[in-house]
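Some notes on the structure that comes next.
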Amino acid sequence: MAKLNEQEFQAYLKQVRALAEGPFEEIQKEVEVTNKFPQEFFDLSIKNNLYRFSLPEQYGGWGMDELQILQVQEEFSRGPGGMRMHLHYAADMNWRILDDFGNKELKDEYMSQFADKSVFTCFALTEETGGTGADLHTMAVKDGDDYILNGEKFLISHTDCCEFAYVFAVTDPNADKDKRLSGFFVPVNTPGYEIVPMPHMMGCRGAGHAGLKFTNMRLNKKYLLGKEGDGLKIAMHSLSVSRAHIGISNLGMAQRMLEMTIARAKDRVTFGKPLVARQAIQQSIADMGTEIHACRLMVYDFAKDFEAGKDIEMKAAMCKLHSINTVKLVSDYMLEIFGGIGYFEDCVYGPVERLYRDCRAMWLEEGPRTVQRLTASRKLIANGGVIEIS
Numbered sequence: 001m002a003k004l005n006e007q008e009f010q011a012y013l014k015q016v017r018a019l020a021e022g023p024f025e026e027i028q029k030e031v032e033v034t035n036k037f038p039q040e041f042f043d044l045s046i047k048n049n050l051y052r053f054s055l056p057e058q059y060g061g062w063g064m065d066e067l068q069i070l071q072v073q074e075e076f077s078r079g080p081g082g083m084r085m086h087l088h089y090a091a092d093m094n095w096r097i098l099d100d101f102g103n104k105e106l107k108d109e110y111m112s113q114f115a116d117k118s119v120f121t122c123f124a125l126t127e128e129t130g131g132t133g134a135d136l137h138t139m140a141v142k143d144g145d146d147y148i149l150n151g152e153k154f155l156i157s158h159t160d161c162c163e164f165a166y167v168f169a170v171t172d173p174n175a176d177k178d179k180r181l182s183g184f185f186v187p188v189n190t191p192g193y194e195i196v197p198m199p200h201m202m203g204c205r206g207a208g209h210a211g212l213k214f215t216n217m218r219l220n221k222k223y224l225l226g227k228e229g230d231g232l233k234i235a236m237h238s239l240s241v242s243r244a245h246i247g248i249s250n251l252g253m254a255q256r257m258l259e260m261t262i263a264r265a266k267d268r269v270t271f272g273k274p275l276v277a278r279q280a281i282q283q284s285i286a287d288m289g290t291e292i293h294a295c296r297l298m299v300y301d302f303a304k305d306f307e308a309g310k311d312i313e314m315k316a317a318m319c320k321l322h323s324i325n326t327v328k329l330v331s332d333y334m335l336e337i338f339g340g341i342g343y344f345e346d347c348v349y350g351p352v353e354r355l356y357r358d359c360r361a362m363w364l365e366e367g368p369r370t371v372q373r374l375t376a377s378r379k380l381i382a383n384g385g386v387i388e389i390s
């Protein structure tokens, strides 16, 4: 399919919002109980091109630029958090890691299969006994033309709906920390690959969180991403881009929360006056809108830098950091202004209670605020505090 023109693009944004706030919300009622997406969710996502829109044209995608991809993501982020988590990943790391670091053989075979979800992946970096950086313990030992993997992963999303896993493991324990790790594109039907179930989460249900266990898992060298020792570089680059996508996810949720809050404040009358007419409520609404507007501008600025090929690590971290602060403030004000009815599962204004739970996954997803501050501060110090705007 050819690129969308501006009119078609705006129509697609409306289509995605209607899907997120309509059919997806209905499906989520079941998902809140089962913690598993039904096939209907995947079918609707395929039908509405949510696996296709972000892909480059040569792989059957629409060739959108980064800003357009982020704008689409803002719309589906207004819906259920687990579905947002799945689709946010689908629009970025799911295909981009293989495109950026896979060899020609793998790309020729699999890149065109992302568009209709014939191929889907998970990102297996975090470990319970280590972390998400150089301190991993999963080992990949070279054996002729193969690697033998042993180890465990923890808190991994999308494990129940993927055909491949991006797995990061130690290939040289004696190397400098930047060269200890390598990345692999692992078929999940490989003998020795095991999914370890985990309990239901507070929010973002249905996103397939589990642990992974690798026991003498033999993998041909063709599944190596980049070169041996590139693992940390691959993981950190991929997370940098994805952190801005977390930023737009928080923005989508926060924007819907603000709209619901204003609607409630207009309707709720106390002592003969609607809440929206009270200065204390106006102060809160102004703070909510200001943080949302700033968040949107930050993410859009990131997108311009990304398209220009600039270093995006600092701004991506800032986007995620500020967006967490934003959605935290907005969700707290939302619940305060809604009062008691916002604490119930069913609310005529929208999923107040569930959004409040869903957004708290963002404190942790792909790195907490402390990590974002450290990442941003390194660049700020190196640049003497200078921040350029695109």
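In full-length UniProt numbering, the protein residues as written are 1 to 390.
Backbone N, C-alpha and C fix where the C-beta goes; we use that ideal spot for every residue, glycine too.
Since this is a predicted model, take the numbers as computed values, not measurements.
Within 7 Å, strictly: CB atoms of residue i and residue j
i	j	result
histidine 86	alanine 207	yes
phenylalanine 168	glycine 231	yes
serine 238	methionine 93	yes
threonine 159	cysteine 204	no
phenylalanine 164	glutamate 127	no
asparagine 48	leucine 19	yes
alanine 124	leucine 212	yes
phenylalanine 114	cysteine 162	no
serine 331	cysteine 359	yes
methionine 202	leucine 355	no
tyrosine 166	isoleucine 97	yes
leucine 335	glutamate 291	no
glutamate 66	phenylalanine 306	yes
alanine 317	alanine 376	yes
tyrosine 349	methionine 260	yes
threonine 171	alanine 140	yes
isoleucine 27	phenylalanine 41	yes
isoleucine 312	serine 240	yes
N-terminal and C-terminal residue of the beta strand (DSSP E) that residue i is part of
i	result
proline 187	181 to 187
isoleucine 195	193 to 197
glycine 211	210 to 220
cysteine 319	From DSSP, cysteine 319 is part of no beta strand (DSSP E) but of the alpha helix (DSSP H) over 313 to 338.
glutamate 152	146 to 156
Integer Cβ distance of residue i from residue j, believed to fall under 8 Å
i	j	result
asparagine 150	asparagine 216	6 Å
methionine 288	tyrosine 333	6 Å
leucine 13	glutamate 75	5 Å
glutamate 366	serine 242	6 Å
proline 274	alanine 265	7 Å
isoleucine 234	phenylalanine 101	5 Å
isoleucine 52	glycine 60	It is arginine, not isoleucine, that sits at residue 52 in the sequence shown. Contact holds; Cβ gap of about 7 Å.
Local Cβ density within 10 Å of residue i, reported as buried at 16 or more and exposed below that
i	result
serine 45	buried
alanine 308	exposed
lysine 315	buried
leucine 364	exposed
histidine 209	buried
proline 351	buried
aspartate 143	exposed
arginine 17	buried
arginine 180	buried
arginine 84	buried
histidine 88	buried
phenylalanine 271	exposed
valine 196	exposed
Residue span of the alpha helix (DSSP H) that contains residue i, given as start and end
i	result
methionine 139	From DSSP, methionine 139 is part of no alpha helix (DSSP H) but of the beta strand (DSSP E) over 139 to 143.
Taking three-plus beta-carbon pairs below 8 Å as touching, is the region 284 to 303 in contact with the region 212 to 225? Taking 8 Å as the limit for Cβ pairs, the verdict is that the region 212 to 225 does not touch the region 284 to 303.
Assess contact between the region 95 to 115 and the region 245 to 252, defined as three or more Cβ pairs (one per stretch) separated by less than 8 Å. Is contact present? no
Touch check for the region 27 to 44 and the region 78 to 85: three-plus C-beta pairs under 8 Å? yes
Say whether the region 317 to 327 touches the region 371 to 378, bearing in mind that this needs 3 or more beta-carbon pairs closer than 8 Å, one atom from each stretch. yes
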